[in-house]
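Colleague: I have a structure I would like to understand better, so I am pasting it below and will then ask my questions one at a time.
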Amino acid sequence: MSGVAPPWAVLLVPALLIVLGYGAAAGTAALRARAAGAAPVSGLTAPARESARLLVQRRRTIPGTDTLLWRLGGALVPVAAVLAALVIPLGSTAVSDPSVGVVWFNAMEVVVWAALWMLGWGANSVWGLVGGYRFLIQGLSYELPHMFALTAAALGAGSLRVGDVVAAQEQVWFAVLMPAAFVVYLVSALAMAFWGPFGTPVGRDLAGGVAAELSGVDLLVLRAGRYVFLAAVAAMAVPLFLGGGAGPLLPGWVWTLVKTAGVLALLVWLGHRLPAVRMDRFTEVGWVVLVPVTLLQVLAVAVYVLVR
Amino acid sequence: MMLETYLLLAAALFSVGLFGALSQQSVVMVMMGLELMVNAVIVAAAALWLYTSPERPDGQVLVLVAVTAMAVEMAMGFAVTTALFRARDVDMVDMAADLADHRGSGGHGGHGGHGDHGGHGDHSGHGGHGNPEHHGGHEDHGDQGDPEDHGGHRGHEGSGNHGHHGDGGER
Amino acid sequence: MVGTVVFAVCAVGAVASGVAVFVVDSMARATFALLASFLLTGVAILLLGLSYLGVLVILMMVMEMMVMAVFMIMYMMNPAGLMPMTMVHNRAGSLAVSGVVFLLLAAGIVLVPWPEREGTPPPDPTLALGEAIMGRHMLVMMLVGLVLFATMVAATVLATHRGRYERYGDDLRRGRPDDPIGGGLDR
Amino acid sequence: MDLTGWLLRRAVPRPFVVTTVGGTGARLAVERIVRERGWRRALSPADADLLVVCGPANADADEALDRVWAQLPGPRARARVGAPEQARHALDTARADLLDVAAQRRDADARDRSARAAADPDEDMPGGLPMAGRGEDRDGLTLDRLHLSLGPALPDWPAGLSLRTVIQGDVVQEAHVSLVGARDGAASFWGAPDGDRGGRSTAAALDSAQRLLSVAGWPAAALSARRLRDALLEPGPRPGTGAELRRWRHMVGRSRLLRWSLRGLGRVGDGAPEELRGDAADRWARWLGRIGTASDPGPPGAAPGGPDVARTALDLLPDLVVGQELASARLVVASLDPDTEAVGAYAPEPGT
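Chains as they are written, first to last, in this note's numbering: chain V, 1 to 308; chain E, 1001 to 1171; chain A, 2001 to 2187; chain G, 3001 to 3352.
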């Protein structure tokens, strides 16, 4: 089922992620333009024009910054996204399909914790520091349910290899088989990309949070990195829960892209329709509701695997 | 030959960790030293497993146990630090030595531990320019710094430095 | 050979960043130096073919170090290292002890005649590990689970100064807990 | 060709909009133009390239604004909009300044030179910053305390309000309220006589609602609220606005997530004026009610609270935010939304 792509495909991954991320940014801008009473079409060029502005803007030097950690933190976000995406198969081939692909994805996605905290700390500003703390508590709230959701998918396939997870969904998609895990995955996807309702680490009430002191290219890298990361977590939902490249008529890689775009559109729409979730309230929900729900989901999947 | 190299790496990590655990005064830094030592155990166990008896899974199980030990060590370490800090305002191993009952307990608690050492540097920074200048605050609000703040020199952490902030963009 | 080069870089980098932990002034940088050391040893473990354990080390250490960073900031004086200072005691003695330990270990490593490898590595070490802890070594898994659970409870008890009597009143009759900041479920 | 100029011309400017006391009318005009041109308001000075000051000048506010100005990274331009009519021209001029590449280069060089000249290492205060002290906190850990001044130049914040806080982590431990640049005898924009079919009262509620929605992290709904507010303030007939208003109200009123976020925040007792009673969710529901009654062409809604309500809100504010996290504190302020223009010169009661 799964194969390994030629080496040049390593370059294809960031390119695809950037295209998908640009699409998400443009979609967000289009929804915004509609809410403002303008033509949604104007949203299509908005991310490019915003990038132009940030490219011209000067970087800032602030007294007392930890420049090393500050700059490193910003760069880590897109890097983590690309590394995480290496195990996602496009159709039936992935750049790499290690035997522990699911764990690899999880490990790379956690790197964003470090990235955001470095950004918030390095800028030497209260807003940034509070934003960094917020993302840590957000991480501690979503991470366990997220891990159990991944576990459920891996358990259903009996393997941590992403290719095997796709292969196990030939009969029925895991989104149907384990709906709770799928929903929790989508929630944690929003949370780990600190996007939409989980965007408080860079929230308006903190004057931009970890991004409060960023300008110019640094800000561009963070903003673009966030969309790229959102695209990567949306893409991972496809092999885990939506049958990978399986589908009629079209070739597998087209189906993967179509499904990814669909998940991404759903996430963008959710970000448009929901207010921010306050972390001091969500933490309790994460631990008291989501963890038991995902545990029960894992139990149900285990029973299903046994009786199948 | 690879086995020896891996074991040398483990020995080096272990020694560095040992140095940290022995020489550092802060509880948290001591824990960092301990973690490095456990890390060395992980490397050694993994290498020994692969190069001596890869058919038996014991090496891997040992690594798993070491990883668990690391997690447990950290969780308990921070819990103890928090409890100590709350009860005694102490975060240095020397100051907690009176737990062993051969030193008087006076003199160590209180704010001394922190005050002696030049304060929590960065925080100040955070307070310092996070905002006042940022979103336009008042320069003078430091003067209401509370009397509990030890050492007057940190009385007004939040105020200073409006002028510097942001005036130096670079190309 | 690529593997050897990668290992050499990782090994030197891991030790160097391990040293950096105790050299840099800034607590934030010390934490991230430690993280770098763990990540590089994680890669070294990956090179051994132990993919699950290697990735597990990377995953766990990132999370653990981020938690550690928070405690560093909370409890350390001068966390950003803006004011040069030292917080060590008995530096020379520690250096001597650890140096001697390293020499002893190194001598042992070089001199001990290590046994020849018996057998070949399993095709999937992750599977071997899983079968071991769910089969012959299940006792280990159960103990690990129990210890982790006990740790969670004990650490929480040690770290908090509020119990259920503070939250629900002396007779535990309060419907909603009296917390400084309530959770999202009012319980 | 000149790449910088080419990029600049394609870039959409991002204004950092600051309102001084007495500048509500100007702010509404600026926000309207910003929205119609598809610009977005900046979250922080670092993100902005235009500093737009709405309202009359006063010495206290100008000092704060100069500091904000120093934080714009550049290219940068500055605009002051004293009255609503000036908004369009002021923004056009500022945009033209922004596109003047030669002038921007001169500005950048001058700043670099003065930054180099000002650099003086200080042994006692790294980076020129004083150190943090410590204080009691609610968890008994005696952690570092930071001084953070919220306002007056903060997005989605009442004009001229300055909330000086002491925080530990992100928990507010102390708070003091003052008004920057407020003076007696200034007229409140929203308190002005309502000649046009209750539109102004609804618009006032919508303005408060959009601010709360922005702070609560729902930018899309806030943007729609601003659009509807602008439509209601237009003098002529406004076809279709009523239906849209009902749709908007239905959407935000249904959001359980928002009510869940607001519940229990900033609880005000029954002794206070009716507009302020209850928690943030109650106040939010009251605004929605006011918008709801006015969206039908019926009798004009009740006028928004006068000077007494705003003054009471300012008096209550410190007690309501102490012990809360920053996010909650900002929601509390937004849910009270004191009309600072109505208050006049304000000095907190002695002893608080």
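For every residue, glycine included, the Cβ atom is placed at its ideal position computed from N, Cα and C.
Which chain B residues are close to Val1041/E, counting only those with a beta carbon under 9 Å from its beta carbon?
Modeller: This model lacks chain B altogether; the protein chains it does include are V, E, A and G.
Colleague: Please name the residue in Ser3214/G, Leu3233/G and Ala3221/G whose C-alpha comes closest to that of Ala3204/G.
Modeller: The residue with the shortest Cα to Cα distance from Ala3204/G is Leu3233/G.
Colleague: List, in order along the chain, the chain V residues whose C-beta lies closer than 9 Å to that of Asp2124/A?
Modeller: Ser99
Colleague: With three or more C-beta pairs closer than 8 Å as the rule, is the region 3077-3088 of chain G touching the region 75-90 of chain V?
Modeller: Proximity of the region 75-90 of chain V to the region 3077-3088 of chain G falls short of the contact definition, fewer than three beta-carbon pairs being nearer than 8 Å.
Colleague: Quick one: which chain A residues come within Cβ less than 8 Å of Met1076/E?
Modeller: What Met1076/E touches in chain A: Thr2151, Ala2154, Ala2155 and Leu2158.
Colleague: Exposed or buried, what is Glu2118/A when buried is set at 16 or more other beta-carbons lying within 10 Å of its beta-carbon?
Modeller: exposed
Colleague: Mind checking which residues open and close the beta strand (DSSP E) that includes Ala2176/A?
Modeller: The sequence given here places Arg at residue 2176/A; Ala does not occur at that position. Note, Arg2176/A: premise wrong, no beta strand (DSSP E); not H, not E.
Colleague: Strictly below 9 Å CB to CB, what residues from chain A border Trp3260/G?
Modeller: Gly2184
Colleague: Could you tell me the distance, in whole angstroms, from the CA atom of Ala2014/A to the CA atom of Ala1045/E?
Modeller: 17 Å
Colleague: Would you identify the three-state DSSP class for Glu170/V, choosing helix, strand or coil?
Modeller: coil
Colleague: Count the other CB atoms within 10 Å of the CB of Ala3243/G; is the residue buried (16 or more) or exposed (fewer)?
Modeller: With fewer than 16 other Cβ atoms inside 10 Å of its own Cβ, Ala3243/G counts as exposed.
Colleague: So that I know if they touch, is there some Cβ in chain A lying closer than 8 Å to that of Arg71/V?
Modeller: Arg71/V does not count as touching chain A.
Colleague: Consult DSSP for Glu3325/G and reduce its assignment to one of helix, strand or coil.
Modeller: Here Glu3325/G sits in strand by DSSP.
Colleague: DSSP state of Ile2045/A, grouped into three classes?
Modeller: Secondary structure of Ile2045/A (DSSP, three-state): helix.
Colleague: Going by C-alpha to C-alpha distance, which of Gly3005/G, Arg3037/G, Leu3050/G and Ser3162/G sits closest to Pro3318/G?
Modeller: Ser3162/G
Colleague: Which residue or residues does DSSP assign as beta-bridge partners of His3176/G?
Modeller: Arg3164/G
Colleague: Which residues in the same chain have their Cβ closer than 6 Å to the Cβ of Gly3264/G, if we skip the five residues on either side of it in sequence?
Modeller: Asp3279
Colleague: From the DSSP output, in three-state form, read off Pro3015/G for me.
Modeller: strand
Colleague: Report the three-state DSSP secondary structure of Ser1023/E (helix, strand or coil).
Modeller: helix
Colleague: Cutting at 8 Å between CB atoms, please list the residues of its own chain near Asp1058/E, excluding the five before and the five after it.
Modeller: Trp1049
Colleague: Find the nearest neighbour of Ala2016/A within the set Thr2004/A, Asp2179/A and Phe2032/A, judged by alpha-carbon distance.
Modeller: Phe2032/A
Colleague: Below 8 Å CB to CB, which residues in the same chain sit around Thr283/V once its five sequence neighbours on both sides are set aside?
Modeller: Ile137, Leu140 and Ser141
Colleague: If you measure between the beta carbons of Val3171/G and Glu3325/G, is that distance less than 8 Å?
Modeller: Yes, the Cβ-Cβ distance between Val3171/G and Glu3325/G is below 8 Å.
Colleague: How many angstroms separate the CA atom of Asp205/V from the CA atom of Leu3258/G?
Modeller: 15 Å
Colleague: Since Asp280/V meets chain G, which of its residues come closer than 9 Å, beta carbon to beta carbon?
Modeller: Glu3325, Ala3327 and Ser3328
Colleague: Just reading off the alpha helix (DSSP H) that Leu3051/G is part of, what are its end residues?
Modeller: Careful: Leu3051/G lies outside any alpha helix (DSSP H), inside the beta strand (DSSP E) at Leu3050 to Cys3054.
Colleague: Would you say Pro3015/G reaches chain A, if we count a Cβ-Cβ gap shorter than 8 Å as a contact?
Modeller: no
Colleague: Please name the residues in the region 2125-2145 of chain A whose beta-carbon is closer than 7 Å to at least one beta-carbon of chain E, in chain order.
Modeller: Pro2125, Ala2128, Leu2129, Ala2132, Ile2133, His2137, Val2140 and Val2144
Colleague: Are Phe3016/G and Pro3045/G touching if we call contact CB-CB under 8 Å?
Modeller: yes
Colleague: Going along the region 2061-2072 of chain A in order, which residues come within less than 8 Å of chain E, judged by CB to CB distance?
Modeller: If the cut-off is 8 Å between Cβ atoms, the region 2061-2072 of chain A has Glu2064, Val2067, Met2068, Phe2071 and Met2072 near chain E.
Colleague: In chain A, which residues lie with their C-beta within 8 Å of the C-beta of Val1067/E?
Modeller: Leu2053, Leu2056, Val2057 and Met2060
Colleague: Suppose you measure from the CA of Ala3070/G to the CA of Glu3174/G; what does that come to, to the nearest Å?
Modeller: 28 Å
Colleague: Note down the Cα distance separating Asp3282/G from Arg3229/G, rounded to an integer number of angstroms.
Modeller: 21 Å
Colleague: Which one of Ala1087/E, Arg1086/E and Thr1081/E has the shortest CA to CA distance from Ser1026/E?
Modeller: Thr1081/E
Colleague: Quick one, which residues of the region 1003-1016 of chain E are near chain A if we go by CB-CB under 9 Å, in chain order?
Modeller: Leu1003, Glu1004, Thr1005, Tyr1006, Leu1007, Leu1008, Leu1009, Ala1010, Ala1011, Ala1012, Leu1013, Phe1014, Ser1015 and Val1016
Colleague: Taking any Cβ of chain G, which residues in the region 256-285 of chain V have a Cβ under 9 Å from it, in chain order?
Modeller: Gly271, His272, Arg273, Leu274, Pro275, Ala276, Val277, Arg278, Met279, Asp280 and Arg281
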